[in-house]
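Below is one structure, written out as structure tokens; comments come after it.
Number of protein chains: 4
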Amino acid sequence: MKNTIGNLFTVTQFGESHGEAIGVVLDGVPAGLEIDMEALNYQMYIRKPKGTISTQRHEADEVRFVSGVFNGKTTGSPCCIIIENGAQHSKDYESLKEVARPSHADYAAEVKYNGFQDYRGGGHFSGRLTAPIVAAGAIAIQLLKQKGIVLATHVAQLHHITDELFSDNQDECLKQINMINEVEFALINQDRKEEMIACIDQARMNLDAVGGILETCVLGMPAGVGEPNFDSIESRISHAVFSVGAVKGIEFGLGFGFKDKYSSEVNDEFEIVNGKVVTKTNNNAGINGGITNGMPIKFKTVVKPTPSIAKQQNSINFKTNENVHLEINGRHDPAIIHRARVVIDSMVAITLVDCLIERFGITWFQEGIQCKED
Amino acid sequence: MKNTIGNLFTVTQFGESHGEAIGVVLDGVPAGLEIDMEALNYQMYIRKPKGTISTQRHEADEVRFVSGVFNGKTTGSPCCIIIENGAQHSKDYESLKEVARPSHADYAAEVKYNGFQDYRGGGHFSGRLTAPIVAAGAIAIQLLKQKGIVLATHVAQLHHITDELFSDNQDECLKQINMINEVEFALINQDRKEEMIACIDQARMNLDAVGGILETCVLGMPAGVGEPNFDSIESRISHAVFSVGAVKGIEFGLGFGFKDKYSSEVNDEFEIVNGKVVTKTNNNAGINGGITNGMPIKFKTVVKPTPSIAKQQNSINFKTNENVHLEINGRHDPAIIHRARVVIDSMVAITLVDCLIERFGITWFQEGIQCKED
Amino acid sequence: MKNTIGNLFTVTQFGESHGEAIGVVLDGVPAGLEIDMEALNYQMYIRKPKGTISTQRHEADEVRFVSGVFNGKTTGSPCCIIIENGAQHSKDYESLKEVARPSHADYAAEVKYNGFQDYRGGGHFSGRLTAPIVAAGAIAIQLLKQKGIVLATHVAQLHHITDELFSDNQDECLKQINMINEVEFALINQDRKEEMIACIDQARMNLDAVGGILETCVLGMPAGVGEPNFDSIESRISHAVFSVGAVKGIEFGLGFGFKDKYSSEVNDEFEIVNGKVVTKTNNNAGINGGITNGMPIKFKTVVKPTPSIAKQQNSINFKTNENVHLEINGRHDPAIIHRARVVIDSMVAITLVDCLIERFGITWFQEGIQCKED
Amino acid sequence: MKNTIGNLFTVTQFGESHGEAIGVVLDGVPAGLEIDMEALNYQMYIRKPKGTISTQRHEADEVRFVSGVFNGKTTGSPCCIIIENGAQHSKDYESLKEVARPSHADYAAEVKYNGFQDYRGGGHFSGRLTAPIVAAGAIAIQLLKQKGIVLATHVAQLHHITDELFSDNQDECLKQINMINEVEFALINQDRKEEMIACIDQARMNLDAVGGILETCVLGMPAGVGEPNFDSIESRISHAVFSVGAVKGIEFGLGFGFKDKYSSEVNDEFEIVNGKVVTKTNNNAGINGGITNGMPIKFKTVVKPTPSIAKQQNSINFKTNENVHLEINGRHDPAIIHRARVVIDSMVAITLVDCLIERFGITWFQEGIQCKED
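Encoded structure:
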């Protein structure tokens, strides 16, 4: 549904990179939640560009709740979350007004919007629009947490440099999740950090950019959530995750690794351990037939290198229909993957809260999180 | 929305593997379409199990239009498409009633449906439910064709054996699409066929199963279709494709190959060729910012090996909460990937018709396909 | 969403009056419900034409569950409910093929479907399509009942003859509801029955038809259900009720009677009675700000006289664009209001179940209706 | 879908009466529309309280487009429209914090939101939330106008005083529509104005309030728009109109007048006049079988007297569960019907644009309203 996602817990997105403000309307929030602003602002901080490995556009990214919060708690009415834009350099984009940046939405938008799109800084297509998503996501993450569901995303690979993966041991995995959520550069093995940062920095100096792979893990989802077929958990998560600009692939569990395996090698056998149903392996990422089975949900997403680079490229002027050369000035990210991780977390958390409300009702969250105001 | 997918061109699915019948309601079909039953039945034929490399359950799969068709043409009202089940061997499943087949939905369904799901043959989770999807998809494919949009899916990899990929040359690619749509075993390089069939057959004899990778290509999509962010073409297609049971990953264009590339290596530069806007490469699979740019849409999906195998496995009895050994009898596919390809085509075609109606209205298709009845 | 209604408990409708069959897919049914077929068939019986006051088209209206029911209980998967058509006299409609019956959908359909609609017996617009709605509604009514929510609809007025209205006393009202649900001709005051039947019969003999007003009451809805503004209970119910062909007006509580009242005369004052919050009057029909307040939901709908009459009328041939005279042959209802009452009940019950699931989750119904299968 | 209405042209609403701001996100706006701010502000002006016959809360109601507009034209991205609240007197509501105002949402909200709703001034339930709806509606009205579709709503009855109704003559009716849209107090017969104003003023002096009936007419809708059954034009319009707080009834065309008529008296016969298909009468309000037939859409809505009155009333304290006496202080409207008329116009226009996009695509509006930017 265009700029709205979700069935009962919905996010509606608006704004352009160089417009007045960007934001979301988050609807279906259980009433009575005392928003953990510290956690929310920490997520915002993680998403923010920092140092030389990100864009030099620095925005305050102050999150303003226009509605839906009263006396510090959610009212149950829609939360309109607004973040003002303050540091636009729109003149950087004048020269791009008629030029299609390679691998960007400029040309597709020109056709779709008949030439009336806001071309400045990518307009409505800008990665900047993920900022209010992160604010909304923080609320979803808080709701999940109160039900014992936690998640994290780390940089599993940056260009050629790899991190360790989430442990199959759930206790160990929980520690990894907690650790990742407390560090700025999301790695399980923090020893890889310097090398990755150097790689990004080198790309920047080469007027280029790099991408990589994110791995996400969700612990604590109850079994029996999701729908067979059309609204499988994989369908819902992938729908949400592909809404993040640079994502071009997703795989659940063993994913593409299934291609050359025999079933006998990769089937996840069930067993009862301490009276609890688990699987010995988790190649299916906690999802069978589209429904959660109680095991961790795990998936990887590939984040392409950011297409905005300073190197000269060939392209077209779509007003004059001529081939042109192009140098993108302005402020750009030599990598976004280390910032995108909280966006992925946010989209996944928003999606899972929605799935849980569909199953248990909004009263489940409402009763879970509070007593009636006293 | 549970068992309904789409906004304006929608499919609602029903049925269980061993119930009376399975089917779909296809709504939003432009009026006046003379359904190409030959093409439809050919798609059904491709999906059907054949020979030793598929399940020995043989169904007539006769497609019955209960509604929505009058004098051989669509009326514009919903088409209810029903396929009777005829060859159930339900007793094969009595022993499985309380046992969770590894990597199957049985346990998740037990929790979700509180023990009331139809366990026979996978019930509502069965791959058998893809049969009416293929019938609905044939109508979507026909609608696209009338607008000059064609698509095909081939087995890019089966276990360790690879096929060639779709050509980047659109003329060549069109030939490949046409060829694939005329052969039973979907390969660009038909020389690989025997080897692949032998591989499947060997898996069967080993009481095992194999998976692989499908590659899909859509030619002729107009630019400007899709939505930024939440309803990107990638979001829409992935949502649809993950609704196919065994799919565990999807990547668009270069996909996971983006992970270790520099932007300068993989950005798709635009150029004007013969007055038409194209890109020199197509790593982004015809989609920029979630919107089509007029280039071919290309993606790969990984299809896991079918989890139902005859080999002994460990599992649990979820009624008694005991660990058990399990041998799945019944009739199973040692591979479904060669059959799944028309299911992928169907889901994608259904999704694209929906996106096109959102942009151009149902009148676009209606006017395109017919004159007012004379 | 075209032929699908509801968010989580959804009905998708298909079929044409003279096609093979008509039906619905009911999705979101809690698993484990033992469908009360006796009650369902009684509702079907009430809807059926009987005697001289209804159409002479007599259909068996046998309800077939194609899916979603296993061992007599719902599985949680979609229920496809099919009713075969058996008594079509399609040749009656040959002469109407190009003629727009006054106040019928014929002309509007001609434009919408470009001439390809099934014109026989009203096609997809026929009141016949309410038959499977009643079957689906019976399931919704059963679900409500298990939660202590009951409803009924009676003929408050037929042409100039009025019935009594539902009592404001809830105990008395409950008796009325129970009584209505056990009689064939839905009147609170059964003494009016003969007069009403005579009125209909006279209309028939005059080659004419009559309409009237239905009053509906729902008892037992918990407070706090519904949404402010766009998805108010009034919005949801009216949306559902206007989907019934002949309905042209709806009013909640005092309805149009509010027009010349002062607030001080009609405001519903709250009071605590026996520890329970009630209102002294119920002019707002149990709905404040779109949300239920726990009082009875009451509304009236006007059902226009059925437009198909045997009297000669003027009209047009929409193929030749000529004015013509028209006599509608075939079998028609001189009144449908006494049959429509179960259709209204059905649409309302379907809507309320959906609203309740949105609030309490599907687990609320699931847990409410069954223990885990033993 | 909670606080979002529409399928392709959607409005998402947020805000509380005494919060920082209220607003909507309007999505699906065709790109390139130069918003007629004069017309928009005129609609806002009509909605504003004026003189002694409205609340004394005076808000600037300045409409701010946070997004979706660039260089004075719509971009095709969502328009977030915000109106700051400035004249709250929140302390007026302290005494109401625990008291359920009769016929207000207070108690229902208390249950639904578990005591966390913003109780000040009705919070999210306040009529104040209609302000941004009117801004969004003005855009919809402008879109319709460019396609030759016009509409207006007038006060057909205020308490016991009636206005004339829309003429059945379309030329005359067009004049009435144009006239109504240019006057402050929407009456066809302006001679009734003084009497109506006196009636409202008297109610105010009596510490009371009055309601009445609005009549709406839409001219120029093409035939063939809408859906049979569930998404009938009546269903869609009524859904939208009942989202306006005080509306408690709606009737299309003859409406409740159908109750005691014979079909032969009220069927709308078709005829060809000047080569155009029309009906001689229009008792069905331009809608047959849920689909437009090209005749004017006409309906009446009853607007109950505003429940907030200064007179003493009985009620309850829902925290202490005690019966109490209540005097509502603060600033209230002795009537809202004369202001509500633009809200009705807005909701209807929003709904019809949505229906038209579903049929003709967004390109229909886009091409209709502009040339490609030059």
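Read top to bottom, the protein sequences are chains A, B, C and D.
In terms of the numbering used here, the first sequence has 210 at position 210, counting the first letter as 1, and numbering is strictly consecutive.
In terms of the numbering used here, the second sequence has 1064 at position 64, counting the first letter as 1, and numbering is strictly consecutive.
In terms of the numbering used here, the third sequence has 2232 at position 232, counting the first letter as 1, and numbering is strictly consecutive.
In terms of the numbering used here, the fourth sequence has 3006 at position 6, counting the first letter as 1, and numbering is strictly consecutive.
The beta-carbon is built from N, C-alpha and C at its ideal position, and this holds for glycine as well.
Here the structure is a predicted model, which is why all the values come from computation and not from measurement.
With a 10 Å radius around its C-beta and 16 neighbouring C-beta atoms as the bar for buried, classify residue i as buried or exposed.
i	result
D/D3163	buried
A/D333	buried
C/K2372	Below a pLDDT of 50, predicted positions are generally treated as unreliable, and C/K2372, at 43, falls in that range; no measurement from the model is reported.
D/Y3045	exposed
A/A198	exposed
B/M1221	buried
B/S1095	exposed
Measuring only between beta-carbons, confirm whether residue i sits less than 9 Å from chain A.
i	result
B/Y1262	yes
D/I3139	no
C/H2332	no
Any beta carbon from chain C within less than 9 Å of residue i's own beta carbon?
i	result
B/K1372	Because the pLDDT of B/K1372 is 43, which lies under 50, any placement of that residue in the model is unreliable, and the number read from its coordinates should be weighed accordingly. Yes, B/K1372 counts as interfacial toward chain C.
A/I287	no
B/Q1366	yes
B/D1027	yes
D/Q3313	yes
B/S1077	yes
With residue i and residue j assumed to form a contact (beta carbons below 8 Å), what rounded beta-carbon distance in angstroms separates them?
i	j	result
C/G2072	B/C1080	Not quite, the Cβ-Cβ distance comes to about 24 Å (not below 8 Å), so this is no contact.
B/V1111	A/A100	Not confirmed; about 50 Å, so no contact.
D/G3123	D/Q3088	Going by Cβ atoms, the distance from D/G3123 to D/Q3088 rounds to 12 Å, so no, they are not a contact pair.
Would you say residue i lies against chain B (beta-carbon separation less than 9 Å)?
i	result
C/R2101	no
D/I3316	no
D/F3014	no
A/M1	yes
From the DSSP output, which residues share a beta bridge with residue i?
i	result
C/I2083	C/I2022
B/L1326	B/Q1313
C/N2288	C/I2291
A/I272	A/V277
B/Q1013	B/V1024
A/Q157	A/T162 and A/I213
Nearest to residue i by CA position, among the options, is which residue?
i	options	result
B/E1377	B/I1337, B/C1217, B/G1051 and B/P1222	Here chain B has residues from 1001 to 1374 only, and residue 1377 of chain B is not among them.
A/T10	A/L214, A/K300, A/S232 and A/G76	A/G76
D/D3268	D/N3274, D/L3254, D/D3260 and D/V3025	D/L3254
A/I213	A/L8, A/P49 and A/R341	A/R341
B/T1320	A/I336, A/E265 and A/E271	A/E271
C/T2301	D/M3295, D/F3258 and D/A3310	D/F3258
D/I3188	D/M3179, D/E3194 and D/E3195	D/M3179
A/V63	A/E327, A/N283, A/M295 and A/T130	A/T130
C/T2279	C/G2006, C/N2169, C/N2206 and C/D2027	C/N2169
D/T3306	C/V2029, C/N2284 and C/I2336	C/N2284
D/S3308	D/F3116, D/H3154, D/H3058 and D/N3206	D/N3206
Is there a C-beta anywhere in chain D that falls below 9 Å from the one on residue i?
i	result
B/N1178	no
A/Q56	no
B/L1352	no
A/A108	no
C/P2049	no
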